[in-house]
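Below is one structure, written out as structure tokens, with a few remarks after it.
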Amino acid sequence: MAITVISTPNRLNLAYRPMVYKFSSSASNLQYCIIEVLNDGTRIAAKSVQLDLGSSTNFTVDISDIIQDNIGFELNTLGSSGVIIPTNSSGRMEDITLKIYEVVLTAGLIVTSYNPDNASNVNYTYWLGGEVSNKDESVNAYNWTFSHFDYNSFSMGVGNSSDYQLTAVDRKFLNNAPLIKDIELGQSEYLGLLNAYNAALTFDFKLEVLTYDISGSLLNTDYIDVTQWNSNYFASDYPTNTYLSVGVGTANLIAESISLTNVSYYTVQLKEATNIVSELRRFNIVGSCSSDVRIHWSNNFGKQDSYTFKGNKIETLNHKAKTYLKAIGNTYSSEKRGSTVMQNISSTSFEIFTDSIGRNDYEFLASMLTNKNAFIEDNGSYYPIIIEDGSKLIRNEKNVPLQFKLVYSFANDTKGLRG
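Note that the working numbering has the sequence shown beginning at 8, numbered continuously upward.
Written out as structure tokens, the structure is:
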């Protein structure tokens, strides 16, 4: 019995697109196969795979549903600094492999070496991507989605020309924010980085931070080293630390000992030695107000975007009570009641507004409605919120965007005392 690999997904993949494997088996009396999906050597799922229609040897399996069920979003800690490596199930999965078990009919009995109770089974028929000899068959996946139209012109793979693999001045960070963005002092902000693993000259990756005063004069040049990318991977291994975040907010830079004294704005750009390998982003430092509302959310790249709403805020208290009837007896008592509250559940919802915005800001803010996985920041803490369906764009009569309204409520209700 032997397994022959016909095709595998790219080394780098989007979790919300098909991740298809094709393989064949030479086993006699073959009935079907069972595969185990492993993330960095740990089994996360198993499924049976039927023979391709009209074939007695070939199999096709798409594991994107398994990846989607096991990959998630990791909220960056407020005030964290430098380069942030997500865990191997938060936003990314690196070193995805398959264990394949043949299921055959022998003397009228179904026979397989698969054992659901043994997550470390070594009696597989073939470990696709798990052996030293076939490590180039392991793949990575990211918590990343595109619209059907955007995907038409998108490609991803080690060393290819994807817009998001940081190898040239026109390559993009994993964020939807406009290239010029306002930020207040004391705020956290993060950029997502995807490594192309192209052959670099010196493997000296660093984020360059340039600070300027109000007249536009350069004050200081600082660097945040991205040491995780300072070595290339080999075909006999798998790409690691390909999907990073780096803190670029005012609070993050101060934590990196980057001075913002007398700074009016600053720019950030990734470099490999003297080579520019990313777009340039600018942050204008603006004043803050006690009524500001800071929102963080998971964007379509699985990374974190942030925005401060500076317009009006409307708060509404909602409550819903469960009641039941009690017998009150024949004698009067001020403590007796017929209708009694079993429990009251209250929640607070908010409507918050931006100041006047342009098209770029609107498209950026609309991106938070992709999955509605969002958090509000208050006094140095995150609180999960539910973005309601009432969120909308307000336009004028010429269809020019003026204001974005976000409707949200806290994800956790407040329960009152039981009656």
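Note that CB positions come from ideal geometry on N, CA and C, so glycine has one too.
Look at the beta carbons and you see the stretch 310-329 touching the stretch 188-201: at least three pairs across the two are nearer than 8 Å. Taking a 10 Å sphere around the C-beta of residue 184, we find 16 or more other C-beta atoms and assign the residue as buried. Here the C-alpha atom of residue 254 lies approximately 34 Å from the C-alpha atom of residue 137. Burial state of residue 311 is buried, judged by a 10 Å Cβ sphere holding 16 or more other Cβ atoms. Counted as a single uninterrupted DSSP element, the alpha helix (DSSP H) harbouring residue 77 occupies residues 71-77. The secondary-structure analysis by DSSP pairs residue 92 with nothing; it has no beta-bridge partner. If you look at residue 291, you'll find it in the beta strand (DSSP E) that goes 288-293. For residue 221, same chain residues with a beta-carbon under 6 Å away, outside a window of 5 residues either side, are 271 in chain order.
Measuring C-alpha to C-alpha distances from residue 293 to each of 344, 80, 147 and 190 identifies 190 as the nearest. Residue 148 and residue 387 have their alpha carbons spaced roughly 32 Å apart.
By the Cβ criterion, the stretch 68-79 is in contact with the stretch 41-53, since at least three pairs of Cβ atoms, one from each stretch, lie closer than 8 Å. Under the Cβ criterion (8 Å, minimum of three pairs), the stretch 106-114 counts as touching the stretch 23-39. For residue 100, DSSP records a beta bridge to 148. For the set 307, 297 and 200, the Cα lying nearest the Cα of residue 370 is the one of 307. Per DSSP, residue 265 is not a residue of any beta strand (DSSP E), being assigned neither H nor E. Proximity of the stretch 356-376 to the stretch 327-335 falls short of the contact definition, fewer than three beta-carbon pairs being nearer than 8 Å. 143 is the residue among 250, 268 and 143 whose C-alpha sits nearest the C-alpha of residue 14. Of 25, 339, 100 and 177, the smallest CA-CA separation from residue 247 is found for 100.
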